[in-house]
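Structure record follows, encoded as structure tokens.
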Amino acid sequence: MTAEPTTPEHPAKPARRFALLSNRAGAVFLTPAGLLVALFVIIPFFWVIFVSFTNRTLLGRTALNPEFVGLANYFALFDPSNFFQRGQFGFSLILTTQFVLASALIGQALLGLLLAWLIQTVPPWIKRLTETFVIAAWILPEVVIGFAWFAFLDRDQGTLNAILGSVGLPKGDFLLQQPFWVIVVFNTWRGAAFSMMLFNSAFSSIPPSYFQAADVAGASSWQKFKDIALPLIRGHVVTDLILITMWTFNTFTPFLLTNGGPSYRTELLSIYNYRVAFRDFEFGKGAAVGVIIMLINLAFALIYLAIGRKKRV
Numbered sequence: 118m119t120a121e122p123t124t125p126e127h128p129a130k131p132a133r134r135f136a137l138l139s140n141r142a143g144a145v146f147l148t149p150a151g152l153l154v155a156l157f158v159i160i161p162f163f164w165v166i167f168v169s170f171t172n173r174t175l176l177g178r179t180a181l182n183p184e185f186v187g188l189a190n191y192f193a194l195f196d197p198s199n200f201f202q203r204g205q206f207g208f209s210l211i212l213t214t215q216f217v218l219a220s221a222l223i224g225q226a227l228l229g230l231l232l233a234w235l236i237q238t239v240p241p242w243i244k245r246l247t248e249t250f251v252i253a254a255w256i257l258p259e260v261v262i263g264f265a266w267f268a269f270l271d272r273d274q275g276t277l278n279a280i281l282g283s284v285g286l287p288k289g290d291f292l293l294q295q296p297f298w299v300i301v302v303f304n305t306w307r308g309a310a311f312s313m314m315l316f317n318s319a320f321s322s323i324p325p326s327y328f329q330a331a332d333v334a335g336a337s338s339w340q341k342f343k344d345i346a347l348p349l350i351r352g353h354v355v356t357d358l359i360l361i362t363m364w365t366f367n368t369f370t371p372f373l374l375t376n377g378g379p380s381y382r383t384e385l386l387s388i389y390n391y392r393v394a395f396r397d398f399e400f401g402k403g404a405a406v407g408v409i410i411m412l413i414n415l416a417f418a419l420i421y422l423a424i425g426r427k428k429r430v
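Counting from 1, position 36 in the sequence shown corresponds to residue 153 in this note's numbering; the numbering is continuous, with no gaps.
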């Protein structure tokens with residue numbers, strides 16, 4: 118059977134597209150997922166916003182009959198008289214910002230980028246072995262990693278102090294003396310694995326002929342990285358920075374090492390929110406902190422979507 122000729126008088130008919138499911142059947146299949154999202158995401162989201170405008174607590178008169186207090190919880194969080202004091206919202210916000218800069222932007226991104234670039238030049242078996250250890254550090258449960266690091270840094274029976282003592286160096290109580298840098302190193306060690314895997318995939322997607330031409334021209338490793346590799350993976354770098362910034366800002370794992378102490382010196386915003394809501398039982402104030410954290414995460418998400426949209430254009 119021959120196809121009919123296409124002429125101005127007889128234009129070609131568009132091919133028919135048959136949907137596997139009707140709109141009604143698709144809605145039926147999506148309904149359970151929509152109900153779960155509404156139950157566990159949308160409703161709690163608006164409930165937290167509502168509670169942030171009340172003085173709800175777990176104990177006392179306001180547990181059953183909370184009162185509407187408007188913006189009082191938010192004003193209390195941003196009270197300039199105690200904003201910078203330890204144990205207050207402002208101190209935790211500034212500490213979290215420092216933690217993100219030191220751990221995510223400087224630590225994880227740079228270390229992951231450096232490791233990913235270095236393993237491009239090693240023998241294949243070393244590259245596979247390195248990737249295995251890196252993936253293991255990433256997929257192990259956070260609780261296991263936290264207690265492993267606690268055992269490593271323990272003052273009396275810790276592995277690190279045992280190594281230092283065996284070579285004649287003085288021992289130290291690192292969790293008490295340098296708690297902030299302990300959680301920075303801990304989070305960098307764990308988070309650099311993701312950055313390394315992402316950048317490793319990005320470097321592998323670059324055509325080898327680019328580097329072969331650079332070798333013929335006598336380019337050094339730094340020149341190949343600066344002039345060839347880095348411009349070609351710029352989009353991956355931006356994606357990595359946005360993702361690890363959001364994850365580091367919301368991380369709770371340092372709680373396993375320091376419990377937010379000593380003297381609130383490692384009480385990140387997520388740990389501060391936990392203490393206010395579930396230790397002090399001030400649900401209204403804790404909900405206000407949660408709303409602020411959600412707004413900050415929303416800002417990160419909007420930046421990420423804007424960058425992704427620009428890349429598609």
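Ideal Cβ positions, reconstructed from N, Cα and C, are used throughout, including at glycine.
Because the structure is a prediction, the values reported are computed rather than measured.
Proximity winner among the options, relative to residue i (alpha-carbon distances)
| i | options | result |
| --- | --- | --- |
| E184 | E399, L419, L412 | E399 |
| A254 | W306, L246, F291, Q340 | W306 |
| L349 | I413, Y327, F366 | Y327 |
| V406 | N367, Y381, F216, F297 | N367 |
| I361 | I236, M411, A418, I252 | A418 |
| F320 | F157, G263, Q237, L227 | Q237 |
| F303 | P240, G403, F216 | F216 |
| A423 | L315, I413, T214, T356 | T356 |
| L230 | I420, A334, L315, W266 | L315 |
| A394 | V158, A180, K341 | A180 |
| F369 | V260, A279, L415 | V260 |
| G167 | F146, G177, Y191 | The identity of residue 167 in the sequence shown is Phe, whereas the question assumes Gly. When each option's Cα is compared against that of F167, the closest is Y191. |
| L212 | V354, F297, F342 | F297 |
| T247 | I223, W339, N317, Y389 | N317 |
| T365 | G177, I410, G289 | I410 |
| P325 | S337, F146, I345 | I345 |
Inter-residue Cα distance where the pair is residue i and residue j
| i | j | result |
| --- | --- | --- |
| R141 | L153 | 19 Å |
| I359 | T171 | 33 Å |
| G285 | I300 | 26 Å |
| K244 | R382 | 39 Å |
| F200 | P241 | 53 Å |
| M118 | A144 | Since pLDDT at M118 reaches only 48, below the 50 mark, its modelled position is unreliable, and the value read off the structure follows with that caveat. Their backbone Cα atoms lie some 40 Å apart in a straight line. |
| T148 | F163 | 21 Å |
| D332 | D271 | 48 Å |
| A219 | N182 | 44 Å |
| Y421 | A221 | 16 Å |
| N414 | T214 | 13 Å |
| A265 | A330 | 46 Å |
| Q274 | A268 | 7 Å |
| M313 | A233 | 5 Å |
| R351 | G377 | 36 Å |
| S387 | S337 | 44 Å |
| G335 | L235 | 19 Å |
| R426 | T249 | 34 Å |
| N278 | R396 | 33 Å |
| H353 | P258 | 26 Å |
CB contact flag (residue i, residue j, <8 Å)
| i | j | result |
| --- | --- | --- |
| Q225 | A309 | yes |
| S169 | V408 | yes |
| G263 | L373 | yes |
| L385 | S209 | yes |
| L293 | P379 | yes |
| V165 | A404 | yes |
| F206 | Y391 | no |
| G401 | V251 | no |
Proximity test, residue i beta-carbon vs the ligand GDP heavy atom, cut-off 7 Å
| i | result |
| --- | --- |
| I223 | By its list of ligands, the structure shown contains no ligand whatsoever, and the ligand GDP lies outside what it can speak to. |
Worksheet item: Quick one: complete alpha helix (DSSP H) runs, 4+ long, within the segment 255-306?
Response: Runs found: 259-270, 276-283, 291-294.
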